[in-house]
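Participant: Going by our numbering, the first residue of the sequence shown is number 1, and it counts up by one from there. Cβ coordinates follow ideal geometry from the N, Cα and C atoms, glycine included.
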Amino acid sequence: MTKTKKGGLPLHWLMLIGFVVGLAGGLAVNMLVGPETPWVVWVTSNITGPAGQIFLRLLFMLVIPLLFSALVVGVAEMGDLKSLGRAGIKTLLLTIVVSSIAVVIGLVMVNLFRPGDGVDPALAQQLLAQGAEGAGNIVENAPESVQLGQFFLDLIPSNVFTAAADNQILPVMVFALMFGIGLVMAKSPNTDKLQTVIEGILEVTMTLINLVIKLAPYAIACLMFNLAALFGWDLLVRLAAYVGVAVGAMAIHMFIVYPAVVWFGAGMSPVKFFRGIREPMVVAFSTASSNATLPVALRAADEQLGLPRKIARFVLTVGATANQNGTALFEGVTVLFLAQFFGIDLTITQQLVVMLVCILGGIGTAGVPAGSLPVVAMILVMVGVPAEGIGLILGVDRFLDMCRTTLNVTGDLVLATVVSRGEVEDPVVEDDPRPTVAAVA
1 MTKTKKGGLP LHWLMLIGFV VGLAGGLAVN MLVGPETPWV VWVTSNITGP
51 AGQIFLRLLF MLVIPLLFSA LVVGVAEMGD LKSLGRAGIK TLLLTIVVSS
101 IAVVIGLVMV NLFRPGDGVD PALAQQLLAQ GAEGAGNIVE NAPESVQLGQ
151 FFLDLIPSNV FTAAADNQIL PVMVFALMFG IGLVMAKSPN TDKLQTVIEG
201 ILEVTMTLIN LVIKLAPYAI ACLMFNLAAL FGWDLLVRLA AYVGVAVGAM
251 AIHMFIVYPA VVWFGAGMSP VKFFRGIREP MVVAFSTASS NATLPVALRA
301 ADEQLGLPRK IARFVLTVGA TANQNGTALF EGVTVLFLAQ FFGIDLTITQ
351 QLVVMLVCIL GGIGTAGVPA GSLPVVAMIL VMVGVPAEGI GLILGVDRFL
401 DMCRTTLNVT GDLVLATVVS RGEVEDPVVE DDPRPTVAAV A
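#1: Is there contact between the stretch 47 to 54 and the stretch 280 to 287, where contact requires at least three CB pairs shorter than 8 Å?
#2: Look at isoleucine 98 and glycine 411 and say whether their C-beta atoms are less than 8 Å apart.
#3: Can you give me the start and stop residues for the alpha helix (DSSP H) that isoleucine 256 sits inside?
#4: Can you say whether glutamate 203 is buried or exposed, counting buried as having 16 or more other CB atoms within 10 angstroms of its CB?
#5: Going by C-alpha distance, which of Met173, Thr349, Thr327, Pro38 is nearest leucine 66?
#6: Are valine 353 and glycine 332 touching if we call contact CB-CB under 8 Å?
#7: Could you tell me whether the stretch 20 to 27 touches the stretch 216 to 226, using the rule of 3 or more Cβ pairs below 8 Å?
#8: Which class does lysine 527 belong to by DSSP, given the choice of helix, strand or coil?
#9: What do you get for glutamate 388, buried or exposed, if any count of 16 or more other CB atoms within 10 angstroms of its CB means buried?
#10: Out of Phe337, Gly180, Ala288, Asp302, point me to the one whose CA is closest to serine 420's CA.
#11: Please report the straight-line C-alpha distance between phenylalanine 273 and valine 262, rounded to a whole angstrom.
#12: Thinking C-beta only, is leucine 177 closer than 8 Å to alanine 76?
#13: For glutamine 340, which residues of its own chain have a beta-carbon under 8 Å away from its beta-carbon, when the five flanking residues on both sides are left out?
#14: Excluding sequence positions up to five away, which residues of its chain have a Cβ less than 6 Å from the Cβ of isoleucine 209?
#15: Pull up the distance between the alpha-carbon of tryptophan 13 and that of leucine 400, whole angstroms please.
#16: Measuring alpha carbon to alpha carbon, tell me which residue in Val40, Ile64, Met15, Leu170 is nearest leucine 356.
#17: What whole-angstrom Cβ distance do leucine 392 and leucine 236 have, given they're in contact under 8 Å?
#18: Assuming leucine 394 contacts histidine 253 under a Cβ cut-off of 8 Å, what Cβ separation, rounded to an integer in Å, is found between them?
#19: From this set, Val245, Pro270, Phe264, which residue's C-alpha is nearest phenylalanine 255's C-alpha?
#20: Cα separation between serine 83 and isoleucine 101?
#21: Among Leu373, Leu413, Gly34, which one has its Cα closest to the Cα of lysine 214?
#22: Here's the rule I'm using: 16 or more other beta-carbon atoms within 10 Å means buried, otherwise exposed. How should isoleucine 348 be labelled?
#23: Using C-beta distances below 8 Å, list every residue in its chain close to isoleucine 344, excluding the 5 sequence neighbours before and after it, in chain order.
#24: Closest to valine 212 by C-alpha separation, out of Ile379, Val243, Asp397, Phe55, would be which residue?
#25: Measuring alpha carbon to alpha carbon, tell me which residue in Val72, Arg57, Cys358 is nearest isoleucine 198.
#26: I need the DSSP call for methionine 268, collapsed to helix, strand or coil.
Laid out in structure tokens, this is it:
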């Protein structure tokens with residue numbers, strides 16, 4: 001469990017404390033003195049506002065190197081595609097299909113129940129105007145109708161560095177995917193060294209993100225103070241509706257989509273499947289980390305589900321980074337909820353862009369607690385939503401993180417079960433190092 005220091009409280013408890021403190025202070029200001037009081041305006045403009053913005057800018061600073069390195073490494077780890085043949089292709093296709101279904105479920109739920117509606121439009125526009133400066137919006141001028149030709153043309157950057165500088169995250173992701181594919185195709189000692197360098201960039205970026213996340217309790221307190229002072233009790237009502245919609249969408253994917261995929265795709269009884277993966281589901285929910293759950297998932301795939309070791313190890317190891325259905329669903333729900341909260345009506349084109357970024361973002365999201373926050377922050381900027389809005393969901397993110405991690409890990413095991421259908425188990429060698437499970441831990 002992540003702690004800020006030896007003997008200290010876990011980080012998610014500190015984040016919850018920061019959420020409560022900021023919310024209580026903001027609600028008190030809203031009810032007792034009002035957000036327009038001069039000293040309140042001074043505090044929000046000179047103390048809490050800049051403090052929250054520093055946290056958000058640190059996240060933005062690390063998004064591009066994180067997504068690029070994670071996507072490249074995720075694709076490069078599929079270097080076994082040549083040896084695994086159809087198993088590798090099935091893994092890639094199923095990852096895209098099931099992640100797409102997850103995002104569509106989330107977007108439909110948010111559009112159907114609209115948990116972000118009901119906030120005073122004047123207040124929403126006030127904060128929207130404050131957060132609009134400096135936002136690199138790649139889709140704010142998107143047309144009302146979908147122009148597929150131009151849309152797909154815009155996916156290919158003429159200059160990837162210009163695209164990165166302009167916060168055009170989707171073209172950067174496409175370049176990263178192509179770079180990863182090229183890294184696999186041009187397999188040589190030199191490309192192995194290059195892959196090691198990119199893996200090093202990913203490790204450095206993740207280390208820096210972990211440092212930034214430690215500032216989250218203070219940033220949450222500042223962001224929530226500003227939001228609660230402005231919106232008052234409407235904030236809590238909308239937040240409860242958001243959690244309900246997010247959990248509901250995850251439940252639909254978990255208990256309807258996954259059983260259907262297991263039943264039709266793998267020919268296995270969903271009851272048998274879920275009975276066999278109880279342990280990794282519990283570990284995923286308690287740790288909120290796909291990476292930490294990987295050893296337990298590998299053991300369940302081997303001992304409980306009886307999947308071929310070679311297939312299970314490949315699919316589950318790659319899936320811990322690349323197949324994150326719950327994260328993709330969460331990101332889509334969160335972006336659309338905050339857009340509704342701030343009165344931003346996203347067009348079909350914009351929602352399509354959000355969906356694609358969420359699918360690719362699921363591949364480029366770190367399998368650690370709060371690993372999706374940088375991606376969410378970047379997507380918010382892309383669609384013109386004030387970055388401060390992320391403070392709304394940070395206080396409840398730990399619970400949602402536990403839920404979506406359980407969905408991620410279950411999705412990896414679903415994928416491994418389907419891909420293993422028709423595959424033959426490798427012959428067991430006497431000294432076969434079962435410690436592979438421990439080594440991944």
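Facilitator: In this structure, then:
#1: no
#2: For the record, residue 98 in the displayed sequence is valine; it is not isoleucine. Yes, the Cβ-Cβ distance between valine 98 and glycine 411 is below 8 Å.
#3: Element bounds for isoleucine 256: n/a, residue is neither H nor E.
#4: exposed
#5: Met173
#6: no
#7: yes
#8: Past the edges of the chain, shown from 1 to 441, lies residue 527, and the structure says nothing about it.
#9: buried
#10: Asp302
#11: 8 Å
#12: no
#13: Val110, Arg114, Pro115, Gly116, Asp117
#14: Close CB contacts of isoleucine 209 within its chain, under the 6 Å cut and outside five residues either way in sequence, are with Leu62 (chain order).
#15: 14 Å
#16: Closest option to leucine 356, judged by alpha-carbon separation, among Val40, Ile64, Met15, Leu170: Leu170.
#17: That belief does not hold up - the Cβ atoms of leucine 392 and leucine 236 are roughly 10 Å apart, past 8 Å.
#18: Not really, about 23 Å apart at Cβ, beyond 8 Å.
#19: Pro270
#20: Reliability of the predicted coordinates at serine 83 is poor, the pLDDT of 48 falling under 50, and no value is obtained from them.
#21: Leu373
#22: It is exposed - the Cβ of isoleucine 348 has fewer than 16 other Cβ atoms within 10 Å.
#23: Here the set comprises Leu128, Val383, Gly384, Val385.
#24: Phe55
#25: Val72
#26: For methionine 268, the secondary structure class from DSSP, reduced to helix, strand or coil, is coil.
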